[in-house]
Amino acid sequence: MKKLWGGRFTKSAEEWVDEFGASISFDQELVKEDLEGSIAHVTMLSANGIIGEEDAAKIKQGLKALQEKADKDELSYSVKLEDIHLNLESALTDIVGPVGGKLHTARSRNDQVATDMHLYLKKQVKLIIELIEEMQTALVEQAEANVETVMPGYTHLQRAQPISFGHHLMAYFWMLQRDKERFTESVKRINISPLGAGALAGTTFPIDRYQTAELLGFDGIYENSLDAVSDRDFILEFLSSSSMLMMHLSRLSEEFILWSSQEFQFIELDDSFATGSSIMPQKKNPDMAELIRGKTGRVYGNMMGLLTVLKGLPLAYNKDMQEDKEGMFDTVKTVIGSLKIFAGMIKTMKVKDEQMEKATKNDFSNATELADYLSGKGVPFREAHEIVGKLVLACVQKGCYLGDLPIEEYKEVNTLFENEIYKVLDPYTAVERRNSAGGTGFAQVKLAINKAKSLLKSE
Ligand code: ARG
2 MKKLWGGRFT KSAEEWVDEF GASISFDQEL VKEDLEGSIA HVTMLSANGI IGEEDAAKIK
62 QGLKALQEKA DKDELSYSVK LEDIHLNLES ALTDIVGPVG GKLHTARSRN DQVATDMHLY
122 LKKQVKLIIE LIEEMQTALV EQAEANVETV MPGYTHLQRA QPISFGHHLM AYFWMLQRDK
182 ERFTESVKRI NISPLGAGAL AGTTFPIDRY QTAELLGFDG IYENSLDAVS DRDFILEFLS
242 SSSMLMMHLS RLSEEFILWS SQEFQFIELD DSFATGSSIM PQKKNPDMAE LIRGKTGRVY
302 GNMMGLLTVL KGLPLAYNKD MQEDKEGMFD TVKTVIGSLK IFAGMIKTMK VKDEQMEKAT
362 KNDFSNATEL ADYLSGKGVP FREAHEIVGK LVLACVQKGC YLGDLPIEEY KEVNTLFENE
422 IYKVLDPYTA VERRNSAGGT GFAQVKLAIN KAKSLLKSE
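Numbering (our numbering), first residue to last: 2 to 460.
Pasting the structure below:
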């Protein structure tokens, strides 16, 4: 097959060399964007008298025919034609004849591929933002149903203080809110047009870059043609926002895995998001959560990979940049899949509120309450801490909990202790009373949920 750039060559590469250099196996993902970009380009060429109206109309018709084929998945590609751009140009010429060759006037694959990637990422980031919102909605709904579900809160994975399960879930709402802000903010850097930068230096033709930018829905154009064709920051930024999002999802995965274990028994994942074992009949494994935790690694890898590809590249385009695509496609797929799974897992999980509550009764996570109680009566907090520490030690030695010690024993240690301490020690009361802004007190959690709901509505 004759190469579209074959003029200066006297012999062709062997098949396996072509194969090594080709990107068509993966950049066919850009077919829609490539056609969209070409239609805008040809429209601009004819509007500015660079090619004739009739030729332009023919080319456009051909491109539209290709769009229809693409929609029906009827296009076939050849490795010999290297990438999506050359494959489509050749398919166009097959339909419209040699006039198809005019499409590439005042354009290079370098500004073409960059345009495709900008268009692609803009679309995917919008979808990702929607899916983040779906997961946030699921979190808010579960949180609302569990405002008064009391569970042990942890630091160092040791029981620390009782908290509301709704409050715990809402922590992830706010992480996702920041993720969403990062993605939303990045759109302004994605949504600029490199088209018209040519290979690297612009073009001698009287093109109108603003026109193609507008036709493609871009907010503006790259100011510098060298930058336009060699910038991959917008992809790196996407990979970085995705890494941070996946880190959040991975942490929640870890919690789901712990919570659904026999040791915790705080939640049960729905059968539709769990799998069994081929040998152990009793098993119900949180595979999806584990997989999301695992897939986080590949997203970080994609980011490190691209950073490394770019770090030594001189301006402008270098073929190394073809390596930007697989990691980006893979990340898009991973992030979309993970968000969808999570929304479903959160919506369908069973919260074992009795188990959670039981856990708060069989520990010392109410010790701070007692220290606060004494300091509320004027004992310096440091001293109160010491007194309660001694009481905890006494309980550990006896094999009981703070609520089991009789009031006489409390009074022996400090006469300020009254019968009301048993109420104070109750985990439910402990949570209820943590009513400082942003705290786990039920009233605060309800406030946060309302705030979250109005944020979701306004977006
Ligand atoms: N397939 C190439 C890529 O993805 C398209 C740009 C090729 N440009 C070139 N001058 N070889 O990067």
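Quick reminder that beta carbons are idealized off the backbone N, C-alpha and C, glycines included.
* Beta carbon of S24: closer than 8 Å to some heavy atom of the ligand ARG? -> Taking the sequence shown and counting its residues from 1, the one referred to as residue 24 is at position 23. For the ligand ARG, at least one heavy atom lies less than 8 Å from the Cβ of S24.
ask   = Should K4 and K81 be called a contact, given that it needs their Cβ atoms to be closer than 9 Å?
value = As a first step, residue 4 is located in the sequence shown; it is residue number 3 there, counting from the start. As a first step, residue 81 is located in the sequence shown; it is residue number 80 there, counting from the start. Yes, the Cβ-Cβ distance between K4 and K81 is below 9 Å.
Item checked: Q137 and Q162 closer than 9 Å at C-beta -> Position 136 of the sequence shown, counting from 1, holds the residue named residue 137. Position 161 of the sequence shown, counting from 1, holds the residue named residue 162. Against a cut-off of 9 Å, the Cβ pair of Q162 and Q137 comes out as no contact.
The beta strand (DSSP E) that contains G154, what's its start and end? Position 153 of the sequence shown, counting from 1, holds the residue named residue 154. Note, G154: beta strand (DSSP E), V151 to T156.
* Asked: So, is Q125 buried or exposed, given that buried needs 16 or more other C-beta atoms within 10 angstroms?
  -> Reading the sequence shown from its first residue, position 124 is the one you call residue 125. Q125 comes out buried.
Check: Who are the near neighbours of E135 in its chain, counting only those whose CB is closer than 6 Å to its CB and skipping five residues on each side?
Finding: What you label residue 135 is simply residue 134 of the sequence shown in a count that begins at 1. Excluding its 5 nearest sequence neighbours in each direction, E135 has C-beta neighbours in its own chain below 6 Å: A344, listed in chain order.
ask   = Should L308 and D321 be called a contact, given that it needs their Cβ atoms to be closer than 9 Å?
value = In the sequence shown, residue 308 corresponds to position 307, counting from 1. In the sequence shown, residue 321 corresponds to position 320, counting from 1. No.
Should G50 be labelled buried (16 or more other beta-carbon atoms within 10 Å of its own) or exposed? Looking up residue 50 in the sequence shown gives position 49. So G50 counts as exposed.
Task: Enclosing alpha helix (DSSP H) for P428 [first to last residue] - done: The residue you call residue 428 lines up with position 427 of the sequence shown. Start and end: P428 to E433.
Hey, how far is the Cα of Y223 from the Cα of K458? Taking the first residue of the sequence shown as 1, we reach residue 223 at position 222. Taking the first residue of the sequence shown as 1, we reach residue 458 at position 457. Their Cα atoms are separated by approximately 34 Å.
*asked:* Quick check: the Cα distance between Y211 and L196, rounded to an integer number of angstroms?
replied: In the sequence shown, the residue the question calls residue 211 occupies position 210. In the sequence shown, the residue the question calls residue 196 occupies position 195. Distance between the alpha carbons of Y211 and L196 is about 9 Å.
*Own chain partners of M152 with C-beta closer than 8 Å, once the 5 adjacent residues on each side are dropped*: Position 151 of the sequence shown, counted from the first residue, corresponds to residue 152. Result list for M152: P163, I164, S165, F166, H169, F267, M357, E358, A360 and T361, in chain order.
Would you say M176 touches the ligand ARG, meaning its beta carbon is less than 8 Å from a heavy atom?
Translated into the one-based positions of the sequence shown, residue 176 becomes position 175. Answer for M176: no, Cβ out of range of the ligand ARG.
Mapping DSSP to helix, strand and coil, what is Q178?
For this step, residue 178 is matched to residue 177 along the sequence shown. When secondary structure is reduced to three states using DSSP, Q178 falls in the helix class.
Leaving out five residues on either side along the sequence, give the residues of the same chain with a beta carbon under 6 Å from the beta carbon of A57. In the sequence shown, the residue the question calls residue 57 occupies position 56. Excluding residues within five positions, the ones whose Cβ falls inside 6 Å are V43 and S47.
Requested in this report: Could you work out which residue in A172, G440, G338 and N286 is closest to I129 when comparing CA atoms only?
Outcome: Counting from one through the sequence shown, the residue named residue 129 turns up at place 128. Looking at the Cα atoms, G338 is the closest of the given residues.
Q. From the DSSP output, which residues share a beta bridge with V467?
A. This structure leaves residue 467 out entirely; the chain is present only between 2 and 460.
Item to complete: Taking the CB atoms as reference points, tell me whether G221 and A214 lie closer together than 9 Å.
Response: Numbered from 1 along the sequence shown, position 220 holds the residue referred to as residue 221. Numbered from 1 along the sequence shown, position 213 holds the residue referred to as residue 214. A contact, by the Cβ cut-off of 9 Å.
Exercise. Specify whether the segment 66-78 and the segment 137-150 touch according to this definition: at least 3 beta carbon pairs, one from each stretch, less than 8 Å apart.
Key: No contact exists between the segment 66-78 and the segment 137-150.
- Item | Burial state of F382, where buried means 16 or more other Cβ atoms lie within 10 Å | What you label residue 382 is simply residue 381 of the sequence shown in a count that begins at 1. Counting Cβ neighbours within 10 Å, F382 comes out exposed, since fewer than 16 surround it.
**Report entry** D331 Cβ short of 8 Å to the ligand ARG heavy atom set
**Finding:** For this step, residue 331 is matched to residue 330 along the sequence shown. Because no heavy atom of the ligand ARG lies under 8 Å away, the Cβ of D331 does not count as near it: no.
* Do three or more CB pairs link the segment 365-375 to the segment 273-281 at distances below 8 Å? -> no
- Three-way DSSP call (helix, strand, coil) for T416 in this model: For the purposes of this step, residue 416 is taken as the residue at position 415 of the sequence shown. Three-state DSSP puts T416 in coil, outside helix and strand.
Using the rule of at least 16 other Cβ atoms within 10 Å of the residue's Cβ for burial, across every protein chain shown, is F235 buried or exposed? Position 234 of the sequence shown holds residue 235. Buried, since its Cβ has 16 or more Cβ neighbours within 10 Å.
>> In whole angstroms, give me the CA-to-CA distance for D331 and W260.
In response: Taking the first residue of the sequence shown as position 1, residue 331 is located at position 330. Taking the first residue of the sequence shown as position 1, residue 260 is located at position 259. Taking the straight line joining both Cα atoms gives about 29 Å.
Query raised in the report: Could you give the residue range of the alpha helix (DSSP H) that holds I51?
Result: Within the sequence shown, numbered from 1, the residue matching residue 51 stands at position 50. Taken as a continuous stretch (DSSP letters only), I51 belongs to no alpha helix (DSSP H), as it is neither H nor E.
Query raised in the report: Comparing the CB of D95 with every heavy atom of the ligand ARG, is any distance shorter than 8 Å?
Result: Position 94 of the sequence shown, counted from the first residue, corresponds to residue 95. Flag unset: Cβ of D95 not near the ligand ARG.
For this session: Along the alpha helix (DSSP H) that carries Q398, what are the first and last residues, could you check?
Result: Within the sequence shown, numbered from 1, the residue matching residue 398 stands at position 397. Counting along the chain, the alpha helix (DSSP H) containing Q398 begins and ends at F382 to K399.
Practice prompt. Tell me whether G154 is buried or exposed, calling it buried when 16 or more other Cβ atoms sit within 10 Å of its Cβ.
Written response: As a working note, residue 154 is residue 153 in the sequence shown. When all chains shown are included, G154 counts as buried.
**Asked** DSSP three-state call for R160: helix, strand or coil?
**Response** Here residue 160 corresponds to residue number 159 of the sequence shown, with the count starting at 1. Residue state, collapsed to three classes: strand.
* Go ahead and label V336 buried or exposed: buried means 16 or more other beta carbons lie within 10 angstroms of its beta carbon, across all protein chains shown. => Here residue 336 refers to the residue found at position 335 when the sequence shown is read from its first residue. Classification of V336: buried, given that the 10 Å Cβ count is 16 or more.
Q: Give me the Cα-Cα distance between A92 and Q68, rounded to the nearest whole angstrom.
A: Mapped onto the sequence shown, residue 92 falls at position 91. Mapped onto the sequence shown, residue 68 falls at position 67. Cα to Cα, A92 sits roughly 11 Å from Q68.
Exercise for the section: Give me the Cβ distance between T106 and S194, rounded to the nearest whole Å; I'm assuming they're in contact under 8 Å. Expected result: Translated into positions along the sequence shown, residue 106 becomes position 105. Translated into positions along the sequence shown, residue 194 becomes position 193. T106 to S194, Cβ: 18 Å. No contact.
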